[in-house]
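Only one structure is covered here, and it is reproduced in the block below.
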Amino acid sequence: MASPVARLFSKLDGLFAVYKPQGVHWKLVRDSIETNLLKAVNSCPAAPPRSKVHFQLLPSGDCSSSSQLTVTKSSLPALTDHPLVTGPRFHKIRVGVGHRLDAFSSGVLVLGVGNGNTALESLYRSHVTREYTLEGEFGRATDDFTHTGRVIERSTFDHVTNDKLERVLAMIQGANQKALITYSQVDLSTQEAYELAVKGLLRPQDKSPPILTGLRCLSFKPPQFTLEVQCVNETQQFLRKLVHEVGLELRTNAVCTKVRRTRDGPFKMEDALTHHHWTADDIIPAIANFRRTTRKIRKNDIYRQVKQSDSTTQTQDQPRTSTCQLESVSQEKAGSLNPSSETSADSRQF
Amino acid sequence: MYVCGRCVRYVQSRLLCIKAQHVQTSLPTALLHHSLSQSCRDKWTSYWIRSFSDERTESALSHTASRITEHGLVPVKNSELHQVSSAPPPAPAEQTSIDLDALSCPSPFEEISDEDAIQIFVPPDLPPTTFTLRDYVDKSETLTNLVHLGVNLSKLEERPNVGSMLVRLDFQKDVAPRLLFLKDLGVQDFQLGPMLTKNPFLLTESLENLQARVSYLKSKKFSPESVAVMVSKAPYLLNFSVKRLDNRLGFFQQQLGLSAHKTRDVVSRLPRLLCGSLEPAKENLRVCELEFGFRRNEIQHIVTVVPKVLTANKRKLTQIFDFVHNTMGVPHSLITKFPQVLNAKFLRIRERHLFLEYLGRAHYDPTHPNYISLERLVALPDETFCSEVALASLDDFERFQKTL
């Protein structure tokens, strides 16, 4: 029977999402979650301390013969294993961060615990789309494209209408669509490419500049406006620059007041944990909740499938088809075997 | 942490002293009647332990330590350190003149009776150098008792020189009087462990010094209870000389411009002020005065209510004040009234304010009908805040947090 710590470690193995508040660095999020998990793991009951046997000579009274010497045996728990002497048993839990969010932006941040860190790599390689909500304000431009930066330009925005904004957004999206086709590395004149494009599954195959796959205006109340963006391979700075460029295209200036990620691949905002829930008690159910997703991410990793000599287009298809149930079951078995050995190795190491 | 070989030898010697004394008192008759083969005795006594058993008659316990360190030239071989504890008082002439090289080893096939076997004392194999106190805990009386008190040795051994210092301490002579002193002061039992974990150097401070500092504090009209609380809250307090303590108390009274009574109140509530650096406190006062624009009497009020403002991070303080004053529109007078705001978490204030604003309840003006005091905004836990102040469910609050 596994010890309670080993059982806990097997539960702490996978991906989950948190909601990062604005103004907090992602490293701080990662560190606080690691501390909370360590607290839970270290509070698990430890193995009982080894006992140490003491032999003590008892005075045998007035009797002078040495055969009367008696030795008493007493066994006491050894202080060497006292928790105050050994200190906490675990000092480190592997917690990895998926696609980063800088301090200015908020939203869904994917974290991997333990063996889940390998799935993070698969997630990175699968080039999933992420969804953002950008809030902007017309009328000024700053050096870092945010509303808190140093103002470098002011302009009027009375001439901006919703129509004009839509037109500019459509233009930007068109340019990005073209880039997407170039980077997805499919022959445009084939049936394959047609089917992918119809399903909307064209993705950049390897490294590419940031590409917007969707862009629309949610609300327009000058000077404020809100955009919804789906994109691949982006950074938050790129999105803020996008707002700035939208402003320039409209013959005015715009700054970004909020960058908020509402979806990161399969991780939606509804399942993300707010910062009151960054404790082991809430993280464990979240990891269990995302176990199926994690398995899928691992399975659809392109690099692993290349080894199995599948064509890349099929790998694109597979995530959406449910025909590979059997494979997922076998994956599950392999997955359930691996973590236990991993955790036992970990616990031995500490 | 690094414990030198000399300390280890000290621990070992102390163990042997205790052992030998015990046997001597408990088995006087057996000692006389029982004699071992000469060769055996030669072997045991020729090592440095001999120096102890030879001089046992005249040397007191404290003497032995120094003697043994003098004899430290003799090589210590742990594997061969088997001392027969029942060795009779040796015949002085032949024993002391034994040449160290001329060792006659007993044959491995030599028969030893059960009684002999029992009385062979195997000294613990203490490593000469080590990086952790774990090896010595079971052997050293001081360390054992400290662990029982609740001192976290794993934290102490990370600090430089503390491990060696603890190993060298003698429980009866060094540790016990200071513990009794602290207990007489009024420090609770359960506080002793955490205190010594924070400041192990209390155990090396001389008793007169400790006494002088406590009497200084009492002369400044701190009540005995408050002195006990201060010492347990800020363990380094008693390591400061009287002059330094006086300087620091004077600094705070002068900087804050408070009466003696109020200064005493502030200091006894946050004794950390006296131990830490004075520069940040000075800086925070400047920040309050120049950046925030509080008047002098307002600062005095804030500090007397929340002394922690003086030790808070300057940047965090500025961030909170900026948000409360500029975004929430709360005037200085109200912040002075509820200075707990400056001690709260920025994230908490921000998300609660934005939630209230979203609900249309963000009224911080006392004359407004649905007035929400800053204290209620900050101090209440989330559930109470949602049900009483925001009049919304906790789920709604969490959903709102995800839109920020």
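Taken in order, these protein sequences are the chains called A and B. Numbering-wise (the numbering used here), the first sequence opens with residue 810 and increments by one. Numbering-wise (the numbering used here), the second sequence opens with residue 211 and increments by one. The beta carbon of each residue, even a glycine, is placed where N, CA and C say it ideally should be. Keep in mind the model is a prediction, meaning the values are calculated, not measured.
Is there at least one Cβ from chain A nearer than 7 Å to residue 583 (chain B)'s Cβ? Closer than 7 Å: no.
Segments assigned beta strand (DSSP E), at least 3 residues, entirely inside the region 914-985 of chain A: If we require 3 residues or more, the beta strand (DSSP E) runs fully inside the region 914-985 of chain A come out as 915-922, 939-947, 949-951 and 960-963.
When burial is assigned at 16 or more other CB atoms within 10 Å of the CB, is residue 980 (chain A) buried or exposed? That one is exposed.
Which value, in whole angstroms, describes the spacing of the CA atoms of residue 872 (chain A) and residue 324 (chain B)? The pLDDT assigned to residue 872 (chain A) is 47, lower than 50, so where the model puts this residue is not dependable; a value taken from the coordinates is nonetheless given after this. Roughly 18 Å separates the two Cα atoms.
Check whether the Cβ of residue 573 (chain B) lies closer than 7 Å to any Cβ atom in chain A. Not closer than 7 Å to any Cβ of chain A, the Cβ of residue 573 (chain B) fails to qualify, so no.
Rounded Cβ spacing between residue 833 (chain A) and residue 946 (chain A) (contact assumed at less than 8 Å): Their Cβ separation, rounded to whole angstroms, is 23 Å, which puts residue 833 (chain A) and residue 946 (chain A) out of contact at 8 Å.
Suppose the cutoff is 7 Å on Cβ atoms and the five residues either side in sequence are ignored; what does the same chain contact list for residue 853 (chain A) look like? The residues are 813, 814 and 817.
Give the DSSP-derived three-state secondary structure of residue 1103 (chain A) in the structure shown. Residue 1103 (chain A) falls in the helix class under three-state DSSP.
Close beta carbons around residue 511 (chain B), own chain, < 8 Å, minus the five adjacent residues each side: So the qualifying residues of the chain are 546 and 549.
So, does the CB of residue 348 (chain B) fall closer than 7 Å to a CB anywhere in chain A? So yes, residue 348 (chain B) belongs to the interface.
May I ask you to list, following chain order, the residues of the region 595-609 of chain B that have a beta carbon less than 8 Å from some beta carbon of chain A? Going along the region 595-609 of chain B in chain order, one finds 608 with a Cβ nearer than 8 Å to chain A.
Residue 324 (chain B) (DSSP reduced to helix, strand or coil): Note: residue 324 (chain B) maps to helix in three-state DSSP.
C-alpha gap between residue 1141 (chain A) and residue 824 (chain A), whole angstroms: Unreliable placement is indicated for residue 1141 (chain A), whose pLDDT of 38 sits below 50; the coordinate value is still reported in the next sentence. Near 15 Å, if we compare the C-alpha coordinates of residue 824 (chain A) and residue 1141 (chain A).
Does the beta carbon of residue 524 (chain B) come closer than 7 Å to any beta carbon on chain A? Residue contact with chain A for residue 524 (chain B): absent (no Cβ-Cβ distance below 7 Å to any residue of chain A).
Local Cβ density within 10 Å of residue 984 (chain A), reported as buried at 16 or more and exposed below that: Counting of Cβ neighbours within 10 angstroms places residue 984 (chain A) among the exposed residues, the total staying below 16.
C-alpha distance - residue 538 (chain B) paired with residue 554 (chain B), whole-angstrom precision: Near 15 Å, if we compare the C-alpha coordinates of residue 554 (chain B) and residue 538 (chain B).
Would you mind telling me which residues of chain A sit closer than 8 Å to residue 586 (chain B), beta carbon to beta carbon, in chain order? Neighbours of residue 586 (chain B) on chain A: none; closest Cβ ~19 Å, over 8 Å.
Residue 960 (chain A): buried (16+ other C-beta within 10 angstroms of its C-beta) or exposed? Exposed is the label assigned to residue 960 (chain A), since fewer than 16 other Cβ atoms lie within 10 Å of its Cβ.
Is there at least one Cβ from chain B nearer than 7 Å to residue 1003 (chain A)'s Cβ? For residue 1003 (chain A), the answer is no, since every Cβ of chain B falls outside 7 Å of its Cβ.
So what's residue 1023 (chain A) in DSSP terms, helix, strand or just coil? Of the three classes helix, strand and coil, the one that applies to residue 1023 (chain A) here is strand, per DSSP.
Since residue 1006 (chain A) is in the alpha helix (DSSP H), which residue starts that stretch and which ends it? Unbroken alpha helix (DSSP H) run through residue 1006 (chain A): 1000-1008.
Candidates A:902, A:1092, A:1102 and A:1082, of which the one nearest residue 608 (chain B) by Cα: The residue from A:902, A:1092, A:1102 and A:1082 with its alpha-carbon nearest to that of residue 608 (chain B) is A:1082.
DSSP state of residue 1014 (chain A) mapped onto helix, strand, coil: Residue state for residue 1014 (chain A) is assigned as coil, using DSSP reduced to three classes.
Leaving out the 5 sequence neighbours to the left and right, which residues in its chain are closer than 7 Å to residue 1029 (chain A) when beta-carbon positions are compared? Residues of the same chain with a CB within less than 7 Å of the CB of residue 1029 (chain A), apart from the 5 flanking positions on each side, are 971 and 974 in chain order.
CB of residue 390 (chain B) to nearest heavy atom of the ligand ZN: below 6 Å? Annotation note on the ligand ZN: not contained in the displayed structure, which lists no ligands.
Cβ of residue 354 (chain B) within 7 Å of any chain A Cβ: Using a Cβ-Cβ cut-off of 7 Å, residue 354 (chain B) counts as an interface residue toward chain A, since at least one Cβ of chain A sits closer than that to its own.
Close-in-space but distant-in-sequence residues of the same chain around residue 615 (chain B) (CB under 8 Å, 5 per side omitted): A query on residue 615 (chain B) cannot be resolved here, the shown segment of chain B reaching from 211 to 614 and no further.
Can you list, in chain order, the residues of its chain whose CB lies under 7 Å from that of residue 422 (chain B), leaving out five sequence neighbours each side? Here the set comprises 452.
Verify the CB distance criterion: does residue 1136 (chain A) have a CB-CB separation below 7 Å to chain B? For residue 1136 (chain A), the predicted structure reports a pLDDT of 34, less than 50, and the residue's modelled location is therefore unreliable. The matter cannot be settled from this model.
Which listed residue (A:1093, A:949 and A:902) has its alpha carbon closest to that of residue 1061 (chain A): Check the Cα spacing between residue 1061 (chain A) and each of A:1093, A:949 and A:902: the tightest is with A:949.
Does any residue of chain A bring its CB to less than 7 Å from the CB of residue 615 (chain B)? Only positions 211 to 614 of chain B appear in this structure, which leaves residue 615 (chain B) out of reach.
Based on DSSP bridge pairs, tell me the residues matched to residue 908 (chain A). Answer is none; residue 908 (chain A) lacks a bridge partner.
Counting Cβ pairs, one atom from each stretch, are 3 or more of them under 8 Å apart for the region 925-943 of chain A and the region 1072-1080 of chain A? The answer is yes - the region 1072-1080 of chain A touches the region 925-943 of chain A, with three or more Cβ pairs under 8 Å.
Taking the alpha helix (DSSP H) that residue 557 (chain B) falls in, what are its first and last residues? Residue 557 (chain B): member of the alpha helix (DSSP H) spanning 556-569, first to last residue.
State the CB to CB distance for the pair residue 908 (chain A) and residue 922 (chain A), rounded to an integer number of angstroms; the pair is presumed to be in contact (CB under 8 Å). Between residue 908 (chain A) and residue 922 (chain A) a beta carbon distance of about 17 Å is seen, past the 8 Å cut, so the two are scored as non-contacting.
With a 10 Å radius around its C-beta and 16 neighbouring C-beta atoms as the bar for buried, classify residue 860 (chain A) as buried or exposed. The residue in question, residue 860 (chain A), is exposed, as its Cβ has fewer than 16 Cβ neighbours within 10 Å.
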